[in-house]
Every structure is written in structure tokens, then in C-alpha cells.
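Q:
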Amino acid sequence: MRGGGKMTYREDIRLVEYLIEHEPDSPLIDMLTAKIDRYEDEAPELAEFNANIASTPGGVAMLRVLMDQYHLAQGNFENEIGKRSLVCRILNGQRRLTLDHARALARRFNLPVSAFID
1 MRGGGKMTYR
11 EDIRLVEYLI
21 EHEPDSPLID
31 MLTAKIDRYE
41 DEAPELAEFN
51 ANIASTPGGV
61 AMLRVLMDQY
71 HLAQGNFENE
81 IGKRSLVCRI
91 LNGQRRLTLD
101 HARALARRFN
111 LPVSAFID
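Here it is in C-alpha cells:
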């Protein structure tokens with residue numbers, strides 16, 4: 001297996017993507033993804049990102065992922081959370097999602113309420 005470093009990391013990601021598309025049963029996928037995971041956990045340039053992810057409540061992280069996947073803005077949650085300013089405060093960690101918010105988001109996205117509970 002090749003050494004570490006940012007260039008190898010990018011090459012490994014491209015190779016995994018290729019293998020998933022063309023040879024999904026290849027044992028090389030597991031080996032490379034383990035190597036990629038190690039790099040992402042240990043790379044100094046990802047330390048701040050990893051710390052931010054670790055400190056983000058699970059419900060907020062789920063909301064961010066859904067916003068990204070569905071191309072939604074903070075103003076798109078008036079029915080589930082309230083005004084844009086409240087959504088902004090929740091995303092910035094100044095306020096928490098309530099149980100009512102979690103229930104409404106779960107209904108909207110057809111997910112379990114637990115996906116939004118920390």
C-alpha cells in the first residue's frame with residue numbers, strides 16, 4: 001500500500017469512487033477506506049474541522065446535512081422551527097432544537113424523531 005499525504009489521499013478517494021462504480025465487491029475498497037479514515041482522523045489540516053464536527057449536536061448536524069442535500073436555506077423552516085433568525089441561532093449553537101422542532105422536522109423529511117435528538 002502507498003504512503004500517506006494529501007496527494008495520495010486524493011488519489012485513494014478517486015480510486016475508491018472508481019471501484020465502487022466498476023468493481024463494488026473488490027476487497028481493495030475496505031482497505032482504502034480504512035486508510036482514508038485514518039488520514040482524515042490524523043491530518044493536521046483537518047483537525048479544526050474534526051473538532052467542529054465533534055462539538056456539533058447530532059440534531060443540528062442532521063439539519064445541516066438535509067439543508068445541503070435538499071438545497072434549503074435557513075428561511076425554509078418556518079413551519080418546522082420558526083423564523084429564519086431562530087434557525088440561524090440553532091445552527092450557530094446559540095439555541096437548541098426543541099422536541100416540537102424535532103417532531104416537525106421528522107415529519108417533513110420522513111425520518112425518526114431520534115435523528116434530531118441529541
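Read in full-length UniProt numbering, the sequence shown has 40 at position 40, and its numbers run on one by one without any break.
Think of the CB as a built atom: it goes at the ideal place given N, C-alpha and C, for glycine as much as any other residue.
What separation, rounded to the nearest whole angstrom, lies between the Cα atoms of V113 and R103?
A: Locating residue 113 in the sequence shown gives position 113, counting from the first residue. Locating residue 103 in the sequence shown gives position 103, counting from the first residue. If you take the alpha carbons of V113 and R103, they lie about 5 Å apart.
Q: Could you tell me if F116 is buried or exposed, where buried requires 16 or more neighbouring beta carbons within 10 angstroms of its beta carbon?
A: Position 116 of the sequence shown, counted from the first residue, corresponds to residue 116. Flag for F116 reads buried.
Q: Indicate the three-state DSSP secondary structure (helix, strand or coil) for P44 in the structure shown.
A: In the sequence shown, residue 44 corresponds to position 44, counting from 1. P44: helix per DSSP, three-state reduction.
Q: Using three-state DSSP, classify L99 as helix, strand or coil.
A: Start at 1 with the first residue of the sequence shown, and residue 99 comes out as number 99. Three-state DSSP puts L99 in a helix.
Q: From F109 to V16, what does the alpha carbon distance come to, in whole angstroms?
A: Start at 1 with the first residue of the sequence shown, and residue 109 comes out as number 109. Start at 1 with the first residue of the sequence shown, and residue 16 comes out as number 16. Straight-line Cα distance between these residues: approximately 30 Å.
Q: Could you check whether the region 51-65 touches the region 28-38, counting it as contact only if at least three pairs of C-beta atoms, one from each stretch, sit closer than 8 Å?
A: No: fewer than three Cβ pairs fall under 8 Å.
Q: Return helix, strand or coil for N52, following the three-state DSSP convention.
A: Start at 1 with the first residue of the sequence shown, and residue 52 comes out as number 52. N52: helix per DSSP, three-state reduction.
Q: Is there contact between the region 86-103 and the region 20-34, where contact requires at least three CB pairs shorter than 8 Å?
A: No contact exists between the region 86-103 and the region 20-34.
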